[in-house]
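Just so we're on the same page, the numbering used here is the position in the sequence shown counted from 1, plus 434.
Just so you know, even glycine gets a beta-carbon here, dropped at the ideal spot from N, CA and C.
Being a predicted model, the structure only gives us computed values, none of them experimental.
In what follows, a single structure is set out as structure tokens and then discussed.
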Amino acid sequence: MVQMGFDDGMRAKTSPLLVAVDEEDPHRDSAAGDMPSFITPVLVLSTFIAGCGSFCYGYAMGYSSPAQSGIMAEMGLSLAQYSIFGSIMTIGGMIGAIFSGKITDMFGRRRAMMLSAVACIPGWLAITFAKDALWLEIGRMLIGFAVGVSSFVVPVYIAEIAPKQIRGRFTSINLLMTNYGFAVAFFMGNIISWRTLSLIAVFPCVVQLVGLFFIPESPRWLAKVGREKEVQGALQRLRGKKDIADIFQEADDIREISEAFQPGKDANPLKLFQKKNAYPMIVVVGLMLLQQLGGISALAFYTSTVFTKAGFSTTIGSTSLSIMQIPVTLIAVLLMDAFGRRTLLMVSSAGACLSLLLVAVSFHLKELQYLDDLTPLLVFLGISGYVAAFGIGMGGIPWVLMSEILPIDVKASGGSIVTLTNWSVSWLITYTFNFALEWNPASTFFFFAAMSLVAVFFTWKLVPETRGRTLEEIQQLCS
């Protein structure tokens, strides 16, 4: 666990973010009745189109588990070969993550999402019409690159276009769409062939690619690259009939902070090691590490394998989990701006820890041949509890915080490192999980539970509360 090593000056600057925003805080919109005035058709459409990239990400994550038996049987793959197919997406994701920040900063948020969609379509088609394992792996790699880019740009774009009063809820739609994609892949995978399942994935990619021509670019990116005349136009489209004076003020605030953080000088990676950037980088990198070390990618890719190992029906288990994820994530979206990031992260991590402990204990009892008949049910309850707990906080909030607290002058290089960290650890976990499960399932889940417990203390000590503040205010407080 990362230890606090900042000086008193750093603590003084960051401490206002380590507490929740109360009802008297002027930064928080307390009038629930005014909430609809911040939501405009263009904002909703823009969020949905961006979210289609997250849907593709979730679909890709959920694809390998229901498709495993069909692909292995038809292609004659061994468990080791299928593990390569399952995990190779994360290698593509790492490549996408490395370039995601530069692509997003150089070409803009919309064009980065276009590139992601363009790469995703041939990836799914390669899997659909694959004749051997090579085409499966090429397709999976392309999909990995695509979602590696989208996993960075989608939350950044949504955070940059949403008003501060509803930014948490709207940025959480990134996770909602990811879980929608995951659930659809899981559910459909139980009733259709793996080839048809991959062909269906082309549709949301096409919807996103077409939709991107009809939504505005991020006003903050426009300000960063000096296209100041377009900033106000983008804001007017996003804010609708809001008072023009408010739009002018928001545009001025965006320009001011962009100038203060010296746009265009993100190329020097050494800036990431400056003291003012150390705090946000440690927070988001730490959360990404703990998110993956908690086992989410392993369970996303190989849920069916876990249920089979426990003696529980894979069809019932996978279908139940896919149905459960939707209401859980909807709850998270509603709670994000009500309870804040820190509270949801700690509750989420604690719930995940307890649920994973139940799974670990269940497998341990099975090894001891004690209460064998209860193992399938206990494992199902534990996995269900983990999915629910993960969905309300640890699933989406690390991405929300990445889009909020990284300063604009290092968002590209810093965001690439953060995203690369997530994908790298995801690859490590997904590649080794099948072997670890065969070796000792109880110890595997005890490890995941321990990492979730670490996440509780990490959040308590380090993670800031950003609810109700503009991105400009957050970056000023963190710098």
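Which of the three DSSP states is assigned to residue i in this structure?
i, result
"Phe563", "coil"
"Thr900", "coil"
"Leu656", "helix"
"Asn711", "helix"
"Arg775", "helix"
"Pro697", "At Pro697 the pLDDT is 47, less than 50, meaning the model places this residue with poor confidence and gives no usable figure here."
"Arg574", "helix"
"Asn856", "helix"
"Tyr804", "coil"
"Ile812", "Going by the sequence as given, residue 812 is Leu instead of Ile. If DSSP states are grouped into helix, strand and coil, Leu812 belongs with the helices."
"Ser782", "helix"
"Ser747", "coil"
"Met836", "helix"
"Leu594", "Per the sequence presented here, residue 594 reads as Glu, with Leu not at that position. Of the three classes helix, strand and coil, the one that applies to Glu594 here is helix, per DSSP."
"Pro684", "Note that residue 684 is Glu in the sequence shown here, rather than Pro. Correct three-state label for Glu684: helix."
"Ser877", "helix"
"Ser627", "coil"
"Val587", "helix"
"Met828", "coil"
"Ile649", "coil"
"Pro841", "coil"
"Gly720", "helix"
"Gly667", "helix"
"Gly729", "coil"
"Gly848", "helix"
"Gly674", "coil"
"Glu457", "With a pLDDT of 39 at Glu457, under the threshold of 50, the modelled position of this residue cannot be trusted, and the question is left open."
Using the Cα positions of residue i and residue j, report the straight-line distance between them to the nearest angstrom.
i, j, result
"Tyr727", "Val859", "The residue you asked about is not Tyr; residue 727 is Leu in the sequence shown. One C-alpha to the other measures close to 7 Å."
"Val834", "Leu723", "15 Å"
"Phe882", "Val641", "37 Å"
"Ala564", "Leu570", "6 Å"
"Leu643", "Thr748", "34 Å"
"Val719", "Gly623", "33 Å"
"Gly573", "Ala567", "10 Å"
"Gly829", "Thr763", "9 Å"
"Ala465", "Lys598", "Because the pLDDT at Ala465 is just 39, under 50, the model does not fix this residue reliably, and the value given afterwards should be weighed accordingly. In a straight line, the C-alpha of Ala465 is about 13 Å away from that of Lys598."
"Thr538", "Lys895", "31 Å"
"Leu656", "Pro650", "10 Å"
"Gln683", "Val781", "37 Å"
"Met540", "Ala846", "9 Å"
"Leu733", "Ser796", "16 Å"
"Ser886", "Gln666", "43 Å"
"Met919", "Thr866", "Residue 919 lies beyond the residue range present for the chain, which begins at 435 and ends at 913; the question has no answer from this structure."
"Cys490", "Ala593", "19 Å"
"Gly840", "Leu576", "The residue asked about is misnamed: residue 840 is Leu in this sequence, not Gly. For Leu840 and Leu576, the distance between alpha carbons rounds to 28 Å."
"Ser627", "Ile525", "25 Å"
"Ser731", "Asp680", "43 Å"
"Asp771", "Ile831", "11 Å"
"Gln670", "Ile863", "44 Å"
"Leu768", "Arg901", "13 Å"
"Glu899", "Glu838", "10 Å"
"Ser652", "Met611", "20 Å"
"Pro557", "Ala596", "Per the sequence presented here, residue 557 reads as Gly, with Pro not at that position. Gly557 and Ala596: Cα-Cα distance of roughly 31 Å."
"Thr712", "Phe735", "In the sequence as displayed, the identity of residue 712 is Ala instead of Thr. So the alpha carbons of these two residues sit roughly 33 Å apart."
"Phe869", "Ala784", "27 Å"
Along the chain, where does the alpha helix (DSSP H) that runs through residue i open and close?
i, result
"Asn613", "Arg601 to Gly623"
"Gly485", "Pro475 to Met509"
"Arg661", "Here Arg661 belongs to no alpha helix (DSSP H), and DSSP marks it neither H nor E."
"Pro638", "Val636 to Gly645"
"Ser521", "Leu513 to Phe541"
Of all Cβ atoms in chain B, is any one closer than 8 Å to the Cβ of residue i?
i, result
"Ala494", "Included in the structure is just one protein chain, with no chain B present."
Handout entry: Cβ contact check for the stretch 790-797 and the stretch 810-830: 3 or more pairs under 8 Å
Key = Cβ pair count under 8 Å is three or more, so yes.
Practice task
Decide if the stretch 542-551 is in contact with the stretch 494-514; the criterion is three or more beta carbon pairs, one per stretch, under 8 Å apart.
Solution key: Three or more beta-carbon pairs separated by less than 8 Å are not found between the stretch 542-551 and the stretch 494-514, which leaves the two stretches without contact.
Practice task
Please confirm if the stretch 749-763 is in contact with the stretch 854-869, defined as three or more CB-CB distances below 8 Å between the two stretches.
Solution key: Taking a contact to require three or more Cβ pairs closer than 8 Å, the stretch 749-763 and the stretch 854-869 do not qualify as touching.
Handout entry: Contact the stretch 530-547 vs the stretch 579-597: 3+ CB pairs below 8 Å
Key = Judged by pairs of C-beta atoms under 8 Å, the stretch 530-547 touches the stretch 579-597, as three or more such pairs exist.
Exercise for the section: Indicate whether the contact test is met: 3 or more Cβ pairs, each with one atom in the stretch 496-506 and one in the stretch 628-635, closer than 8 Å. Expected result: yes
Handout entry: the stretch 601-615 / the stretch 727-746 touching (three or more Cβ pairs under 8 Å)
Key = no
Problem - Cβ pair count under 8 Å reaching 3, the stretch 889-904 against the stretch 763-781 - result: yes
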